[in-house]
Each structure stands twice: as structure tokens, then as C-alpha cells.
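Student: In terms of my numbering, the sequence shown is residues 201 to 407. We put the beta carbon where it would ideally sit given N, CA and C, even for glycine. My questions all concern the structure below.
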Amino acid sequence: MLSYIFAGMIICSLIFAAFSGNITALSSSVLDSSSEAVTLLIKMSGALCMWSGFMRIAKDAGLTEKLSKLFSPFLKKLFPDVDEKSEAFSYMSMNFAANLLGLGNAATPLGLCAMKKLREQSEDDEATDTMVTFVVMNTASIQLLPTTVAVLRRSYGSSSPFDIIFCVWVTSALALFVGLIAAKVGNRLTGKRRILQNRRQVYRWTM
201 MLSYIFAGMI ICSLIFAAFS GNITALSSSV LDSSSEAVTL LIKMSGALCM WSGFMRIAKD
261 AGLTEKLSKL FSPFLKKLFP DVDEKSEAFS YMSMNFAANL LGLGNAATPL GLCAMKKLRE
321 QSEDDEATDT MVTFVVMNTA SIQLLPTTVA VLRRSYGSSS PFDIIFCVWV TSALALFVGL
381 IAAKVGNRLT GKRRILQNRR QVYRWTM
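See the structure below:
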């Protein structure tokens, strides 16, 4: 789906640039953006490697279990179907901790590992309610320290990269609150729809 969206954006850009006579400006912008993307990737890779290594050390040092215990009361209410002693719960806790520190890139591998473990525990091919809620929590997470954003702001010359921290707290908290409500409502509606479908199948079999 995203491929079609990006393709449509590119085609629309070419069409509007052709009709407005800005083909030269568009070509220059494409070349400049490409070089800036590579430069930004190099700058971000250092921070990503450092924090990913930190998370690996934390896991080997046993910090994973401590974080699991710390966040277990909160996460257990969101994910009552996940065992607190399972690997999935540990990865989910580390993912939550990484997002709190604003390490979205470092949280991604942990989130993927958590989803893999949740998938192994599921007997259905469809995404479970736990998976849906976890994806929402991972995407719209509270960030106490917006590290990734601060690195980006610093790379573009900001003298105070962390001066947006209060705004990040408010917006991320609201995003997580709204996202979790939407996930819970969606899961409830999906559950009711599955119950109705099962009843219809049972009714057809009895007929």
C-alpha cells in the first residue's frame, strides 16, 4: 500500500512540476535531498549503534528482568494474556523502556522480537488483540527523553536540542492515551464481530 502512495506522490510531483515550469528546481531538490539523506544516515548511525549496544549490555547484565518487574504492573493491565516470565514480556518491557528514553530506532529491534514471540504463542493467523495494542503502544509511546529528535535537531544546528522536552511529554502522552483507547475499542468491536461470525457458522451447521 505504501508503495502505491509513494508512487502517486512522485507522479503528482512530476506532473505539477512540469505544468508549473519547475522541473529544474525539482531535479535540484531531488539531488540535494539524496545527499542530505546519506549525511543524516551517517550521523544517526553512530547514536543508533551506541544505544543498541547499550541495550545489548543491559540485557546481558540482567537489566531486562529488573525492567520487566518495574513495568509489570502497568504492562500486565494492558496485556493480561502475556506471561510476565515469558521472553515476549521481557522484550516488550525493554521496548517500552527504549521508547521512554526516546530511542525509537533502538526500540524497533526489541519490538520486532516481541512480536515474533507473540506470534509464536498465537494459534491464529490473524493479529491478536495483544499484538494490536502493542503496536499502538510502540508507535505512540511516551518519550521522557526525546533522544532521537534531539540528535536530529543538533545535527541541523540547534543550540538547545532538548528545549522541546515539555511539548514532547504532552503530545506523546496524549498520543498514547488516544491510541490505546482506539485499540481497545477496535479490539472490542473485532471481538464482537468474530462472535457473530462464529454464531452464524454454528447456525448454518445446525441447519
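Pick out the complete beta strand (DSSP E) segments inside the region 309 to 346, 3 residues or longer, and give them in chain order.
Tutor: Whole beta strand (DSSP E) segments, 3+ residues: zero.
Student: Give the range of the alpha helix (DSSP H) segment to which residue 222 is assigned.
Tutor: To locate residue 222, count along the sequence shown from 1; it is residue 22. Looking at the DSSP string, residue 222 is not in any alpha helix (DSSP H), and its letter there is neither H nor E.
Student: Quick one: Cα of residue 298 to Cα of residue 222, how far?
Tutor: Translated into the one-based positions of the sequence shown, residue 298 becomes position 98. Translated into the one-based positions of the sequence shown, residue 222 becomes position 22. For residue 298 and residue 222, the distance between alpha carbons rounds to 43 Å.
Student: Hey, how far is the Cα of residue 215 from the Cα of residue 209?
Tutor: Along the sequence shown, one-based indexing puts residue 215 at 15. Along the sequence shown, one-based indexing puts residue 209 at 9. Whole-angstrom Cα-Cα distance: 10 Å.
Student: Could you tell me the distance, in whole angstroms, from the CA atom of residue 372 to the CA atom of residue 359?
Tutor: On the sequence shown, residue 372 is found 172 positions in, with the first residue counted as 1. On the sequence shown, residue 359 is found 159 positions in, with the first residue counted as 1. If you take the alpha carbons of residue 372 and residue 359, they lie about 23 Å apart.
Student: Assess contact between the region 362 to 372 and the region 306 to 319, defined as three or more Cβ pairs (one per stretch) separated by less than 8 Å. Is contact present?
Tutor: As far as the Cβ criterion goes, the region 362 to 372 does not touch the region 306 to 319, which means the pair count is below three.
Student: Using 10 angstroms around the beta-carbon of residue 402, count the other beta-carbons present and answer buried if the total reaches 16, otherwise exposed.
Tutor: Within the sequence shown, numbered from 1, the residue matching residue 402 stands at position 202. Interpretation of residue 402 is limited by its pLDDT of 43, a score under 50 that renders its predicted location unreliable; the figure taken from the coordinates is listed afterwards. Burial call: exposed.
Student: DSSP on residue 230, reduced to helix/strand/coil?
Tutor: Translated into positions along the sequence shown, residue 230 becomes position 30. Three-state DSSP puts residue 230 in a helix.
Student: Are at least three pairs of beta-carbons, each pair with one atom in the region 326 to 335 and one in the region 219 to 236, less than 8 Å apart?
Tutor: At 8 Å Cβ cutoff, the stretches do not touch.
Student: Just mark residue 350 as buried or exposed, buried being the case when its beta carbon has 16 or more other beta carbons within 10 Å.
Tutor: As a first step, residue 350 is located in the sequence shown; it is residue number 150 there, counting from the start. Looking at its Cβ environment, which holds 16 or more other Cβ atoms inside 10 Å, residue 350 is buried.
Student: Indicate the three-state DSSP secondary structure (helix, strand or coil) for residue 351 in the structure shown.
Tutor: Counting from one through the sequence shown, the residue named residue 351 turns up at place 151. Correct three-state label for residue 351: helix.
Student: By how many angstroms is the C-alpha of residue 260 removed from the C-alpha of residue 266?
Tutor: Here residue 266 refers to the residue found at position 66 of the sequence shown. Here residue 260 refers to the residue found at position 60 of the sequence shown. Their Cα atoms are separated by approximately 12 Å.
Student: If we count the other Cβ atoms within 10 Å of its Cβ and call it buried at 16 or more, is residue 219 buried or exposed?
Tutor: Numbered from 1 along the sequence shown, position 19 holds the residue referred to as residue 219. Exposed, by the Cβ-count rule.
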